[in-house]
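> According to full-length UniProt numbering, the residues represented by the sequence shown are 1 to 282, in order.
Ideal Cβ placement from N, Cα and C applies to all residues, glycine included.
Quantities reported herein were computed from a predicted structural model and do not represent experimental measurements.
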Amino acid sequence: MLDELNVKFTMSQVKCLFRQVLEGIDYLHRNDIIHRDVKMQNILLTAKGVLKLADFGMARAYSTRPLTPGVVTIWYRSPELLLGTKYYSPSIDLWSAGLVLAELLQSAPCLTGETPIEQLSLIIKLLGSPTQDDLAALSAMGCPELIRWRREGLASGRADNMDRRFLANTSPETINFLRGLLKWDPNARWTAGEALGTGKSRLSATAEKWWKESPRAIDKDLLPTFPEVRNVEKIQTTTNRGRAEVEIAGRVGNNNPGRGDYIFDFSEDSDLRRPAKRPRAR
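Rendered as structure tokens:
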């Protein structure tokens, strides 16, 4: 899992990894599937540099009917979900992907709120306050928390801090790319295809500038490799949940190595860190 690798990726490596993230999301969306929990913990990296989106427990076929609002782990949850809408689109995955990119660039999670209001406050500190057009778009989506949020003055008066947060270690094109994904208005966010820069639209052309900017993405075969464990060391039956859990390399997880996935060794003598405790979607 990418969130467990204590690695500072170079920009060319970040582009290689993120291109694969977008390709996975683009494939899902072209088949009318919303992942609904894109995050670092759900991104697997094999020893051959192949990136895989994992954990489809919350994935659903896209529908114009009401959907469950309490999806996506809170650190990666889009504004419209934080405001409680049931009428969201696949663009929620692109917001999450934008925060995955920010995390790859910073080697740390970008927005780490513990409640929806705190997470919205952190979004405002990063992106600045939503415009009237943004608020109108959110209102049209039927966000039940929006009225209270505006009444309490939480939606106004803050400036954009993207440059201050990222410019020292990246480029203006990188920030423009992030802004294309991290938009208040879900309808204004780039699609996965646009973010890949493969279309002929103005948005695709903007994204393409980042992909073509030096350094470019390396081939996935050139990504660094990490220790891996394929053998199950212990199977412990847990009666309280009525299922077996697999304990591998000193940690308990739900991984099934029999499917050909890679399970990385994060023991004390490894060069990799143990992850900070992260929230889960609920």
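Output the residue ranges of the beta strand (DSSP E) runs that lie fully inside the region 8-66 and measure 3 residues or longer, sorted by chain position.
Within the region 8-66, the complete beta strand (DSSP E) runs of at least 3 residues are 43-45 and 51-53.
> Just the Cα atoms here: how many angstroms apart are K183 and D221?
Taking the straight line from one Cα to the other gives about 33 Å.
> Alpha carbon to alpha carbon, what distance is there between S201 and T112?
Straight-line Cα distance between these residues: approximately 33 Å.
> D163 lies in the alpha helix (DSSP H); which residues open and close that run?
Its alpha helix (DSSP H) spans residues M162 to F166.
> What did DSSP end up calling I218 once you bin it into helix, strand or coil?
In this structure, I218 counts as coil in the three-state DSSP scheme.
> Between which two residues does the alpha helix (DSSP H) containing E152 stretch?
Here E152 belongs to no alpha helix (DSSP H), and DSSP marks it neither H nor E.
> Please report the straight-line C-alpha distance between W95 and R151, rounded to a whole angstrom.
So the alpha carbons of these two residues sit roughly 25 Å apart.
> Do G49 and L223 have their beta-carbon atoms positioned less than 8 Å apart in this structure?
Their beta carbons are under 8 Å apart, which means L223 touches G49 by this criterion.
> In whole angstroms, what separates the C-alpha of F177 from that of L99?
Cα to Cα, the separation comes out at about 12 Å.
> Determine the DSSP secondary structure at W211, reduced to helix, strand or coil.
W211: helix per DSSP, three-state reduction.
> Alpha carbon to alpha carbon, how far is A217 from P279? Give it in angstroms, no decimals.
Going from the Cα of P279 to the Cα of A217 covers about 30 Å.
> Note down the Cα distance separating M11 from H35, rounded to an integer number of angstroms.
Roughly 26 Å separates the two Cα atoms.
> For M162, collect the residues of the same chain with a Cβ closer than 6 Å to its Cβ; drop the 5 residues on either side in sequence, then sort them by chain order.
Excluding positions up to five away in sequence, the list reads I175.
> If you reduce the DSSP assignment to three classes, tell me which class N6 lands in.
If DSSP states are grouped into helix, strand and coil, N6 belongs with coil.
> Secondary structure at R189, three-state DSSP: helix, strand or coil?
Correct three-state label for R189: coil.
> Tell me, to the nearest whole angstrom, how far the beta carbon of T85 is from that of P69; I am working on the premise that it is less than 8 Å.
Indeed they touch by this definition, with Cβ atoms about 6 Å apart.
> Between S139, L82 and I33, which lies nearest to P90 when the distance is taken from Cα to Cα?
Of the listed residues, the one whose Cα sits closest to P90 is I33.
> For residue 314, collect the residues of the same chain with a Cβ closer than 7 Å to its Cβ; drop the 5 residues on either side in sequence, then sort them by chain order.
In the structure as shown, the chain starts at 1 and stops at 282, and residue 314 therefore has no counterpart that could be examined.
> Tell whether a beta-carbon distance below 8 Å holds between L83 and C143.
Yes, they are a contact pair.
> In chain order, what residues of the same chain lie with their CB nearer than 7 Å to the CB of I123, ignoring the 5 residues before and after it?
So the qualifying residues of the chain are P79 and L111.
> Is R165 closer than 8 Å to Q119 when the C-beta atoms are compared?
Against a cut-off of 8 Å, the Cβ pair of R165 and Q119 comes out as no contact.
> Please classify K15 as buried or exposed, where buried requires at least 16 other C-beta atoms within 10 Å of its C-beta.
That one is buried.
> If we count the other Cβ atoms within 10 Å of its Cβ and call it buried at 16 or more, is D219 buried or exposed?
So D219 ends up on the exposed side.
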